[in-house]
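There are 2 protein chains.
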Amino acid sequence: MTIKIFIVDDHYMIIEGIRSLLQHEAGLEWMGHAMNADSCLAFLEKQRPDVLFMDVNLPDQSGIELCLLVKKMYPKIHIIGLSSFNQYSFIQKMLHNGASGYVLKNATKKELLEAIDTIMEGKTYISKEVEANINISKNIGTPLITRREKEVLVLISDGLTNSEIAVKLFVSTTTVDTHRKNLLAKFDVKNTAALIRMAAQYQII
Amino acid sequence: MTIKIFIVDDHYMIIEGIRSLLQHEAGLEWMGHAMNADSCLAFLEKQRPDVLFMDVNLPDQSGIELCLLVKKMYPKIHIIGLSSFNQYSFIQKMLHNGASGYVLKNATKKELLEAIDTIMEGKTYISKEVEANINISKNIGTPLITRREKEVLVLISDGLTNSEIAVKLFVSTTTVDTHRKNLLAKFDVKNTAALIRMAAQYQII
DNA sequence: TAGGCAATCCCCTAAAAACAGGATTTTTAA
DNA sequence: TTAAAAATCCTGTTTTTAGGGGATTGCCTA
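In the order they appear, the protein sequences are chains V and D.
Counting in the working numbering, the first sequence runs from 697 upward without gaps.
Counting in the working numbering, the second sequence runs from 697 upward without gaps.
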């Protein structure tokens, strides 16, 4: 039984890279690629791969959302998250949304084959490099902020004051102030400057 | 006459991707790859490609520095910068350090061939996508800040208050305040939050 | 050698953010 | 369905920034 492989990624070189690494592998069948979420979904309407490599960042829709969608519609498809960044928040979200694995875009052929084997057995594959980072991230702790907190954070970084944010979000200034306090606490910083720098580093803004 | 191609990139898939796109192209000779600056330099001691694709981010040394080094030692090699990010500061630095071109990692085969042709004619190749971004970046204009202002900016982003910065720099708090005011004016923002976000975007901090 | 710029310092006021310590109501997820 | 989490609101006080004015020194260069 051959394992059917499909990939959705907007980077042509990654598609070619993975294809080049896997195409002639025994037991694998290369079904092709899509370069955005829409064409990926269109493809899945007609054909079903066993393994779907999915870029976390797609042009039309985030891979994180697409992952949830695909898993809901076709639960049998095993999804492997694909990203240049070893970023805990992405990995966490992909796995939460049903991905069975996560590999970086600098993975070797050996790693890819290992990933495919592992997830076809129903297990979860996380490359060692990523795993190490998860532990670090858990320790350092990328703050888990809520939707509303993120909204506020973005508006703060836009240069708005509490009262301006309050007007924009139709809430009281004290509410905004509370969100702000929580953000400072979650990021463990003592003022806005440090908050914004960390948010930028974590790529939240 | 065949054009000899070499690549230095730590992402295996990018290497394979480019190889897959170019390897069987008439007139091109694929020399191989290096995955870090050191092995790239070691390779160049023995062989000389005509075109060298160079990742901006390498594990042991930044591609920006490597570019300068390679150009100094082997001026005849044409370097094409390679990056996932359409970031003006990188592009600018690569070109300043002698690169002849800059392409993104989602380039198509056509684009790569165009890039190679263009730079072999001695011209500079910048993909349209990147070019558009350069113009935007130039218009927005990274503010010209002084040494001292940058010092203050970094300390602000560390979360220090004016008085803490004053102690650290052995100056009065009013001095720090003045620098801060000048920073706000130069970045054309009205508070610290927006200042830090811009500084992060411009990669000043 | 004069003008420009960087770096330093000062005063004052108003606005904003940080700190403290609450409370209530919705949502969400186990 | 129920407990936890998120979102909302409040009253205070203190600290820090922002905005408005200045001024002096020293260095570089046109």
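Backbone N, C-alpha and C fix where the C-beta goes; we use that ideal spot for every residue, glycine too.
Predicted, not measured: the structure shown is a model, and the values here were computed from it.
Boundaries of the alpha helix (DSSP H) in which residue i is found, first to last residue
| i | result |
| --- | --- |
| V:G759 | G759 to M769 |
| D:K700 | First-last for D:K700: I699 to V704, but that is the beta strand (DSSP E), not the alpha helix (DSSP H). |
| V:Y708 | Y708 to L718 |
| V:K742 | A733 to K742 |
| V:S823 | No alpha helix (DSSP H) holds V:S823; DSSP gives it neither H nor E. |
| D:L754 | Counting along the chain, D:L754 falls outside any alpha helix (DSSP H), and DSSP gives it neither H nor E. |
| V:K805 | K805 to M816 |
| D:K886 | Segment: none, D:K886 is in no alpha helix (DSSP H) and carries neither H nor E. |
| V:L865 | N858 to L865 |
Where the beta strand (DSSP E) through residue i begins and ends
| i | result |
| --- | --- |
| D:D873 | Element bounds for D:D873: not the beta strand (DSSP E) but the alpha helix (DSSP H), T869 to F883. |
| V:A903 | Since the first residue of chain V shown is 697 and the last is 901, residue 903 of chain V is not available in this structure. |
| V:S779 | H774 to S779 |
| D:L849 | Here D:L849 belongs to no beta strand (DSSP E); instead the alpha helix (DSSP H) covers R843 to S853. |
| V:H750 | In the sequence as displayed, the identity of residue 750 of chain V is Met instead of His. Note, V:M750: beta strand (DSSP E), V747 to D751. |
| D:L800 | G797 to L800 |
Pairwise C-alpha distance: residue j and residue i
| i | j | result |
| --- | --- | --- |
| D:L737 | D:D706 | 14 Å |
| D:Y898 | V:F786 | 24 Å |
| V:P839 | V:D813 | 33 Å |
| V:I822 | D:F781 | 25 Å |
| D:T888 | V:T888 | 7 Å |
| V:L815 | D:G794 | According to the sequence as given, residue 815 of chain V is Ile; it is not Leu. The alpha-carbon atoms of V:I815 and D:G794 are separated by roughly 45 Å. |
| D:G855 | V:K789 | 30 Å |
| V:V766 | V:P745 | 11 Å |
| V:K877 | V:H774 | 41 Å |
| V:C763 | D:V704 | 32 Å |
| D:L891 | D:V863 | 22 Å |
| D:A730 | V:E825 | 20 Å |
| V:K801 | V:L808 | 10 Å |
| V:T804 | V:S758 | 25 Å |
| D:A896 | D:L754 | 21 Å |
| V:E712 | D:Y708 | 11 Å |
| V:I861 | V:K742 | 47 Å |
| V:N732 | D:S859 | 51 Å |
| V:K772 | D:A811 | 42 Å |
| D:V752 | V:E761 | 30 Å |
| D:M894 | V:D756 | 26 Å |
| D:S868 | D:T857 | 12 Å |
| V:E817 | V:K806 | 17 Å |
| V:D734 | D:S716 | 26 Å |
Closest Cα partner of residue i within the set the options
| i | options | result |
| --- | --- | --- |
| D:F866 | D:K877, D:F883 and D:R844 | D:R844 |
| D:S796 | D:G777, D:A881 and D:V872 | D:G777 |
| V:K819 | V:G759, V:K805, V:A803 and V:Y798 | V:Y798 |
| V:A828 | V:Q783, V:L808, V:L717 and V:R893 | V:Q783 |
| D:M646 | D:V752, D:D756 and D:F739 | A query on residue 646 of chain D cannot be resolved here, the shown segment of chain D reaching from 697 to 901 and no further. |
| V:T842 | V:L879, V:E810 and V:S859 | V:L879 |
| V:I714 | V:E847, V:V747, V:E761 and V:K772 | V:V747 |
| V:K846 | V:H792, V:I901 and V:P771 | V:I901 |
| D:V791 | D:R893, D:M750, D:E817 and D:M894 | Before going further, note that residue 791 of chain D is Leu rather than Val in the sequence given. Checked all of D:R893, D:M750, D:E817 and D:M894; the closest Cα to D:L791 is D:M750. |
| V:S779 | V:K806, V:I710 and V:L717 | V:I710 |
Tell me which residues of the stretch 709-725 of chain D have at least one Cβ-Cβ distance to chain V shorter than 8 Å, keeping chain order.
Across the stretch 709-725 of chain D, CB contacts with chain V closer than 8 Å involve M709, I710, I711, E712, G713, I714, R715, S716 and L717, in sequence order along the chain.
Does the count of Cβ pairs from the stretch 724-744 of chain D and the stretch 699-714 of chain D closer than 8 Å reach three?
With the cut-off at 8 Å, the stretch 724-744 of chain D and the stretch 699-714 of chain D touch.
Check each residue of the stretch 777-790 of chain D: if its Cβ is closer than 8 Å to any Cβ of chain V, include it; give the result in chain order.
Cβ contacts with chain V: S780.
Taking Cβ-Cβ distances below 7 Å as the criterion, which residues of the stretch 865-899 of chain D are in contact with chain V?
V885, K886, N887, T888, A889, A890, I892, R893 and A896
Examine the Cβ distances between the stretch 879-891 of chain V and the stretch 713-721 of chain D and report whether three or more of them are shorter than 8 Å.
no
Chain D contacts from the stretch 805-820 of chain V (Cβ-Cβ distance under 7 Å)
The stretch 805-820 of chain V vs chain D, Cβ under 7 Å: nothing.
Residues in the stretch 733-752 of chain V with C-beta within 9 Å of chain D's C-beta atoms, listed in sequence order?
Answer in chain order: no residues at all.
Measuring CB atoms only, is the stretch 868-878 of chain D touching the stretch 845-853 of chain D, in the sense that at least three cross pairs come out at less than 8 Å?
Three or more beta-carbon pairs drawn from the stretch 868-878 of chain D and the stretch 845-853 of chain D are found closer than 8 Å, and the two stretches are therefore classed as touching.
Chain V contacts from the stretch 793-805 of chain D (Cβ-Cβ distance under 9 Å)
L800, K801, N802, A803, T804 and K805
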